[in-house]
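Residue numbering for the sequence shown follows this note's numbering, starting at 2 and increasing by one per position.
A short write-up of the structure that comes next.
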Amino acid sequence: MNNDLYAVVGNPISHSKSPRIHSLFASQTGEQLEYTAIQAPEDDFAGTVTDFFQRGGKGLNVTVPFKEQAWKLADRRTERAELAGAANTLYISSEGLLTADNTDGKGLVTDLAANHYVTLAGKRILVLGAGGAVRGVLGPLLAEQPSAVVIANRTVARAEGLVALFEPVAGPTRLEACGFEQPSEPFDLIINGTSASLQGDLPPVSANVIGAGTIVYDMMYSLQTTTFNQWALEQGVTRVFDGLGMLVEQAAESFRIWRGVSPQTRPVIDKLRND
Ligand code: ATR
């Protein structure tokens with residue numbers, strides 16, 4: 002019998018770590034599956050997805066630039082995907098419906114809690130950025146009931162848009178929008194969700210947002226310390242994390258959805274860190 006088939010779809014896709022992560026999960030758990038990378042043409046994501054599932058494919062991960070398209074294409078969305086406005090996980094439900102989920106926020110929260118022992122309840126969190134990456138994680142962050150989430154962005158209107166969107170699920174959390182220069186008090190946790198590091202840029206936040214116990218998390222991951230984390234280290238922050246753990250944890254959540262099995266993530270994070 003052929004192995005069950007999974008893949009990650011993006012453009013470009015050659016750099017993706019997902020095939021490596023999922024094959025490590027599969028060998029660790031004894032699950033029989035094959036996981037490949039598919040580069041979809043920019044103008045035919047839908048055709049690529051349809052073809053994959055028609056060939057008997059079991060599940061897809063979706064990455065840049067197709068996460069919003071995956072969300073739109075689905076017949077059905079989980080609640081967290083609905084709020085995220087983007088999907089990174091697709092599968093066919095038992096009723097035969099193309100179903101979209103988003104495991105990014107769960108991946109972030111799990112990485113913080115399980116790998117870095119950072120709990121969010123009652124904490125003051127500064128989130129930098131208001132694009133797709135931030136929208137994707139806000140629901141699960143708010144579900145942890147921090148005392149405040151301040152979303153700071155270059156384009157303040159985008160941050161305000163996210164506040165309006167997430168206000169109904171904010172519960173006891175104070176949710177605010179502002180520009181980068183505005184916050185001037187220390188936060189418990191600062192999450193960089195901008196793509197500024199890609200251009201070697203730094204969101205121009207005041208060093209006053211850093212206090213004695215501030216933890217810094219850059220959702221980006223690269224071999225070298227990210228520009229933002231470098232800045233944080235220079236400000237004296239000692240607990241500085243990048244997005245590698247989030248990447249592995251979001252993959253683990255997809256694996257669980259598809260296979261009903263929870264892989265151990267620690268050994269996989271360690272392996273990737275040393276690749
Ligand atoms: P993603 O899916 O990575 O979130 P996006 O939706 O294009 O991509 O959002 C990118 C985020 O990084 C936005 O918050 C963007 O700020 P704007 O909304 O003002 O565009 C932010 N960003 C990108 N480049 C930046 C830079 N050089 N400095 C500061 N913020 C930047």
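All residues carry an ideal CB built from backbone N, CA and C; glycine is no exception.
Computed from a prediction, not measured in an experiment: that's the story for all the values here.
Which class does residue i belong to by DSSP, given the choice of helix, strand or coil?
| i | result |
| --- | --- |
| Thr-30 | helix |
| Gln-40 | strand |
| Arg-274 | helix |
| Ile-14 | coil |
| Ile-192 | strand |
| Ile-161 | Sequence inspection shows Glu at residue 161; the Ile mentioned does not correspond to that position. Glu-161: helix per DSSP, three-state reduction. |
| Arg-155 | coil |
| Ile-258 | helix |
| Ala-87 | coil |
| Gly-180 | coil |
| Ile-216 | strand |
| Val-9 | strand |
| Ile-93 | strand |
| Val-150 | strand |
| Glu-80 | helix |
| Glu-186 | coil |
By how many angstroms is the C-alpha of residue j removed from the C-alpha of residue i?
| i | j | result |
| --- | --- | --- |
| Ser-95 | Glu-43 | 30 Å |
| Phe-151 | Gly-130 | Reading off the sequence, residue 151 comes out as Val, not Phe. Near 10 Å, if we compare the C-alpha coordinates of Gly-130 and Val-151. |
| Ile-211 | Ala-38 | 40 Å |
| Tyr-7 | Asn-209 | 46 Å |
| Asn-193 | Val-63 | 22 Å |
| Leu-25 | Leu-109 | 20 Å |
| Ala-101 | Phe-67 | 12 Å |
| Thr-266 | Val-249 | 7 Å |
| Glu-32 | Gln-251 | 18 Å |
| Gly-97 | Lys-59 | 12 Å |
| Phe-289 | Gln-70 | Absent from the structure is residue 289, since the part of the chain shown begins at 2 and ends at 276. |
| Leu-139 | Gln-225 | 26 Å |
| Ala-160 | Arg-136 | 10 Å |
| Ala-115 | Lys-107 | 11 Å |
| Ile-22 | Val-128 | 27 Å |
| Phe-242 | Phe-46 | 33 Å |
| Thr-49 | Ala-41 | 6 Å |
| Leu-176 | Leu-234 | 27 Å |
| Arg-183 | Thr-156 | The residue asked about is misnamed: residue 183 is Gln in this sequence, not Arg. Those two C-alpha atoms are separated by around 13 Å. |
| Gln-231 | Ser-198 | 10 Å |
| Ile-216 | Thr-79 | 31 Å |
| Tyr-222 | Met-247 | 9 Å |
| Arg-260 | Glu-254 | 10 Å |
| Thr-174 | Ala-149 | 5 Å |
| Val-65 | Val-206 | 27 Å |
| Thr-51 | Val-262 | 26 Å |
Assuming residue i is part of the alpha helix (DSSP H), what are its boundary residues?
| i | result |
| --- | --- |
| Phe-54 | 46-55 |
| Gly-106 | 105-111 |
| Thr-228 | 228-235 |
| Val-138 | 133-144 |
| Glu-69 | 68-74 |
So, under 8 Å CB-CB, residue i and residue j are touching, yes? Tell me the CB distance rounded to an integer number of Å.
| i | j | result |
| --- | --- | --- |
| Asn-103 | Arg-77 | In fact, because the Cβ distance is near 13 Å, the residues do not count as touching under 8 Å. |
| Ile-126 | Leu-190 | 5 Å |
| Leu-121 | Pro-147 | 5 Å |
| Leu-203 | Leu-245 | Contact doesn't hold; Cβ gap of about 20 Å is too wide. |
| Thr-172 | Leu-143 | In the sequence under discussion, the amino acid at residue 172 is Gly, which differs from the Thr named in the question. That pair is a contact at about 7 Å. |
| Gly-133 | Ala-87 | 5 Å |
Determine the extent of the beta strand (DSSP E) in which residue i is found, giving its start and end residues.
| i | result |
| --- | --- |
| Glu-168 | That residue, Glu-168, is in no beta strand (DSSP E); it is neither H nor E in DSSP. |
| Leu-127 | 125-129 |
| Leu-99 | 99-102 |
| Leu-61 | 60-63 |
| Phe-242 | 240-242 |
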